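**Q**
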Amino acid sequence: MYRRIIGIFITIGAVCCIFSNVIAQDTQYSQFYAAPLYLNPALTGASELTRIGVNYRNQWPGLDQNFNSYSAYIDHYIFDYNSGIGLIFNGSQESMANLSTNEIGLSYAYRLQLSENTFFRIGGMVSYMQRDAFFSDLVFGSQIDIINGTIGGITDELNGIPIDSRYSFVDYSVGGMFYTNNIWLGASAHHLSEPNTSFVDDQISKLPMKLSAQGGIKFDLGGGRRNYFTHAYSERSVSFAFNYKQQDPFNQLDVGAQLFLEPIVLGLWYRGLPTKNDLPNNEAIIGLVGISLESGLDIGYSYDVTISKLGLKNSGGAHEISLTYSFLWGDPKSRNARARTIPCFRY
Numbered sequence: 001m002y003r004r005i006i007g008i009f010i011t012i013g014a015v016c017c018i019f020s021n022v023i024a025q026d027t028q029y030s031q032f033y034a035a036p037l038y039l040n041p042a043l044t045g046a047s048e049l050t051r052i053g054v055n056y057r058n059q060w061p062g063l064d065q066n067f068n069s070y071s072a073y074i075d076h077y078i079f080d081y082n083s084g085i086g087l088i089f090n091g092s093q094e095s096m097a098n099l100s101t102n103e104i105g106l107s108y109a110y111r112l113q114l115s116e117n118t119f120f121r122i123g124g125m126v127s128y129m130q131r132d133a134f135f136s137d138l139v140f141g142s143q144i145d146i147i148n149g150t151i152g153g154i155t156d157e158l159n160g161i162p163i164d165s166r167y168s169f170v171d172y173s174v175g176g177m178f179y180t181n182n183i184w185l186g187a188s189a190h191h192l193s194e195p196n197t198s199f200v201d202d203q204i205s206k207l208p209m210k211l212s213a214q215g216g217i218k219f220d221l222g223g224g225r226r227n228y229f230t231h232a233y234s235e236r237s238v239s240f241a242f243n244y245k246q247q248d249p250f251n252q253l254d255v256g257a258q259l260f261l262e263p264i265v266l267g268l269w270y271r272g273l274p275t276k277n278d279l280p281n282n283e284a285i286i287g288l289v290g291i292s293l294e295s296g297l298d299i300g301y302s303y304d305v306t307i308s309k310l311g312l313k314n315s316g317g318a319h320e321i322s323l324t325y326s327f328l329w330g331d332p333k334s335r336n337a338r339a340r341t342i343p344c345f346r347y
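Just so we're aligned: 149 in full-length UniProt numbering is position 149 of the sequence shown, and the numbers increase by one with no gaps anywhere.
#1: Using only alpha-carbon positions, find the residue among Val174, Tyr270 and Ser198 that is nearest to Ala189.
#2: Which ranges would you report for the beta strand (DSSP E) in the region 235-296 if only whole runs of at least 3 residues count?
#3: Let me make sure I understand the geometry here. Which of Tyr110, Phe89 and Gln59 has the alpha-carbon closest to that of Asp80?
#4: With a threshold of 16 other CB atoms inside 10 Å of the CB of Gly222, please say whether the residue is buried or exposed.
#5: Ala187 to Val126, Cα distance in whole Å?
#6: Quick check: what's the CA-CA separation for Val22 versus Ser198?
#7: Answer yes or no: do Asn40 and Tyr70 have a C-beta to C-beta separation smaller than 9 Å?
#8: Along the chain, where does the alpha helix (DSSP H) containing Leu39 start, and where does it finish?
#9: Classify Arg57 as buried or exposed, calling it buried when 16 or more other Cβ atoms lie within 10 Å of its own Cβ.
#10: Rounded to a whole number of angstroms, what is the C-alpha to C-alpha distance between Met1 and Gln93?
#11: Might you give, ordered along the chain, the residues of its own chain that have their beta carbon closer than 7 Å to the beta carbon of Leu261, omitting 5 neighbours on each side?
#12: For my contact list, Thr324 and Asp298 are in at a C-beta cut-off of 8 Å; report their separation, rounded to the angstrom.
#13: With a Cβ-Cβ cutoff of 9 Å, do Asp26 and Gln246 count as a contact?
#14: Can you give the beta carbon distance from Gly45 to Ile74, rounded, assuming they're within the 8 Å contact cut?
#15: From Ala318, Phe119 and Glu103, pick the residue whose C-alpha is nearest to that of Tyr128; which is it?
#16: So, is the C-beta of Val289 closer than 9 Å to a C-beta in chain D?
#17: Indicate the three-state DSSP secondary structure (helix, strand or coil) for Asn21 in the structure shown.
#18: Report the residue from Ile342, Leu328, Ser326 and His319 whose alpha carbon sits nearest the alpha carbon of Asn55.
#19: Between which two residues does the beta strand (DSSP E) harbouring Trp184 extend?
#20: For Gly256, tell me which candidate among Ile264, Val265, Ile286 and Ala42 has the shortest Cα-Cα distance.
#21: Please name the residue or residues paired with Asp133 in a DSSP beta bridge.
#22: From Gly216 to Phe250, what does the alpha carbon distance come to, in whole angstroms?
#23: Opposite Arg111 in the DSSP bridges: which residues?
#24: Helix, strand or coil for Leu43, going by three-state DSSP, please let me know.
#25: Grouping DSSP H, G and I as helix and E and B as strand, with all else coil, what is Asp171?
#26: Just how far apart, CA to CA, sit Asp220 and Leu207?
#27: Can you check DSSP and say which residues form a bridge with Asn55?
#28: Please state the DSSP three-state secondary structure of Asp26.
#29: Taking its Cβ as the centre, do 16 or more other Cβ atoms sit within 10 Å of Gln113, making it buried, or is it exposed?
#30: Quick one: what does DSSP say Asp202 is sitting in, helix, strand or coil?
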């Protein structure tokens, strides 16, 4: 009885968040470089190949109400124009409020050569976003009879709000990336127009602009195994990187390292800001294992160990999977002579 009433009030709180001027926060992928167009539109075409990728994240599976996010993209680099073009689809589902968000976007990036081994990329994205809320599965305050412990039905509309609501808008993002053979540093801004996302006509609930900065350094360890047929040496390297995000009062820092012993990738990093105790920064230690095949297929799996007050036992952490396939479209000799890919994380 008491558990049922508590659950009802939790659901009411979630609905109130939807109808009020809440502060939204974008999906955060632990394998952020495995979602390059989502991270920074300047990374469109950064592999200087044709690239197809998918990402899936299940956050807090230990809770009855969890969050699922997914992304799919394709991009291609055009050498004759020093340009990358891309198409991306993003989606997320919040089971507590039965709220879903879907986005489809077009991105473009241009590569500018500053010196023999120094480059700058600038990119932008235009996307169409749609938010859907299905309130028919939720419980509202007017339905609850606390004395009898019963829940009544609801009408087709509640205070002028349709039971099933949909809201669409156009969104804009920009970004830049500076890089050399072993260093990269970039920044991006998403939701430039801060569009209104409220389901209620006479209320304003802006989607806050998200600012992020990312960068890192890569060290070649040398001494890799030599391929018997190609006589090329396998890569042995270690990379250190960071990814800082700020969206209104929410801010987070991902910092860590990846070890690449071709074809195996191992990663470990920390997410959160230990100096920010008053905000839910979802602190976690993240471990990753991946494989990068010569065929162009990269597969990664990561797990977030929750170390915030929410706790690993309660939340169940977060599972994340990424798949990326890169292949050559065009003349191999022409591509190899002009390629200057960014030396960043693989995941």
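Every residue gets a Cβ at the ideal spot worked out from N, C-alpha and C, and that includes glycine.
These numbers were taken from a predicted model, which means no experiment stands behind them.
**A** For this structure:
#1: Within the sequence shown, residue 189 is the residue found at index 189, counting from 1. Selected option, being the one with the closest Cα: Val174.
#2: Runs of beta strand (DSSP E) with 3 or more residues, each lying fully within the region 235-296, are found at 236-247, 250-261, 264-271 and 284-292, listed in chain order.
#3: Residue numbering aside, residue 80 sits at position 80 when the sequence shown is read from its first letter. It is Tyr110.
#4: Reading the sequence shown from its first residue, position 222 is the one you call residue 222. Exposed: under 16 other Cβ atoms inside 10 Å.
#5: Indexing the sequence shown from 1 puts residue 187 at position 187. Indexing the sequence shown from 1 puts residue 126 at position 126. Between Ala187 and Val126, the alpha-carbon positions lie close to 17 Å from each other.
#6: As a first step, residue 22 must be located in the sequence shown, where it is residue number 22. As a first step, residue 198 must be located in the sequence shown, where it is residue number 198. At Val22 the pLDDT is 42, less than 50, meaning the model places this residue with poor confidence; the figure from the coordinates comes in the next sentence. If you take the alpha carbons of Val22 and Ser198, they lie about 9 Å apart.
#7: On the sequence shown, position 40 is the one that residue 40 refers to. On the sequence shown, position 70 is the one that residue 70 refers to. Against a cut-off of 9 Å, the Cβ pair of Tyr70 and Asn40 comes out as no contact.
#8: Numbered from its first residue, the sequence shown carries residue 39 at position 39. Residues Pro36 to Leu39.
#9: Taking the first residue of the sequence shown as position 1, residue 57 is located at position 57. So Arg57 counts as buried.
#10: For the purposes of this step, residue 1 is identified with residue 1 of the sequence shown, where counting begins at 1. For the purposes of this step, residue 93 is identified with residue 93 of the sequence shown, where counting begins at 1. Note on Met1: pLDDT 39, under 50, position unreliable in the model; no value is reported.
#11: Here the question's residue 261 lines up with position 261 in the sequence shown. Contacts found: Arg236.
#12: Indexing the sequence shown from 1 puts residue 324 at position 324. Indexing the sequence shown from 1 puts residue 298 at position 298. About 4 Å separates the two Cβ atoms, so the contact holds.
#13: Along the sequence shown, read from residue 1 onward, the residue named residue 26 stands at position 26. Along the sequence shown, read from residue 1 onward, the residue named residue 246 stands at position 246. Not closer than 9 Å, so no.
#14: Along the sequence shown, read from residue 1 onward, the residue named residue 45 stands at position 45. Along the sequence shown, read from residue 1 onward, the residue named residue 74 stands at position 74. At roughly 11 Å, the Cβ-Cβ gap does not stay under 8 Å, so Gly45 and Ile74 are not in contact.
#15: In the sequence shown, counting from the first residue as 1, residue 128 sits at position 128. The candidate whose alpha carbon is nearest that of Tyr128 is Glu103.
#16: Structure shown: chain D not included; a single protein chain is present.
#17: Position 21 of the sequence shown, counting from 1, holds the residue named residue 21. Because the pLDDT at Asn21 is just 40, under 50, the model does not fix this residue reliably, and the value given afterwards should be weighed accordingly. Residue state, collapsed to three classes: coil.
#18: For this step, residue 55 is matched to residue 55 along the sequence shown. Closest in alpha carbon position to Asn55, among Ile342, Leu328, Ser326 and His319, is His319.
#19: The residue given as residue 184 occupies position 184 in the sequence shown. In the DSSP assignment, Trp184 falls within the beta strand (DSSP E) that extends over Ile183 to His190.
#20: Looking up residue 256 in the sequence shown gives position 256. The option with the nearest alpha carbon to Gly256 is Ile286.
#21: Taking the first residue of the sequence shown as 1, we reach residue 133 at position 133. Reading off the sequence, residue 133 comes out as Ala, not Asp. In the DSSP assignment, Ala133 is bridged to Leu99 and Ser165.
#22: As a working note, residue 216 is residue 216 in the sequence shown. As a working note, residue 250 is residue 250 in the sequence shown. Distance between the alpha carbons of Gly216 and Phe250: 23 Å.
#23: Your numbering for residue 111 matches position 111 in the sequence shown. In the DSSP output, where bridge partners are listed per residue, Arg111 has Arg121.
#24: In the sequence shown, the residue the question calls residue 43 occupies position 43. Three-state result, Leu43: helix.
#25: Position 171 of the sequence shown, counting from 1, holds the residue named residue 171. Asp171: strand per DSSP, three-state reduction.
#26: Against the sequence shown, residue 220 aligns to sequence position 220. Against the sequence shown, residue 207 aligns to sequence position 207. If I take the Cα positions, the gap works out to 41 Å.
#27: Start at 1 with the first residue of the sequence shown, and residue 55 comes out as number 55. Ser71 and Ser322.
#28: Position 26 of the sequence shown, counted from the first residue, corresponds to residue 26. In the three-state reduction of the DSSP assignment, Asp26 falls in the coil class, being assigned neither a helical nor a strand state.
#29: By 1-based counting over the sequence shown, the position of residue 113 is 113. In the assembly as shown, Gln113 is an exposed residue. Its beta-carbon has fewer than 16 other beta-carbons within 10 Å.
#30: In the sequence shown, the residue the question calls residue 202 occupies position 202. Asp202 falls in the coil class under three-state DSSP.
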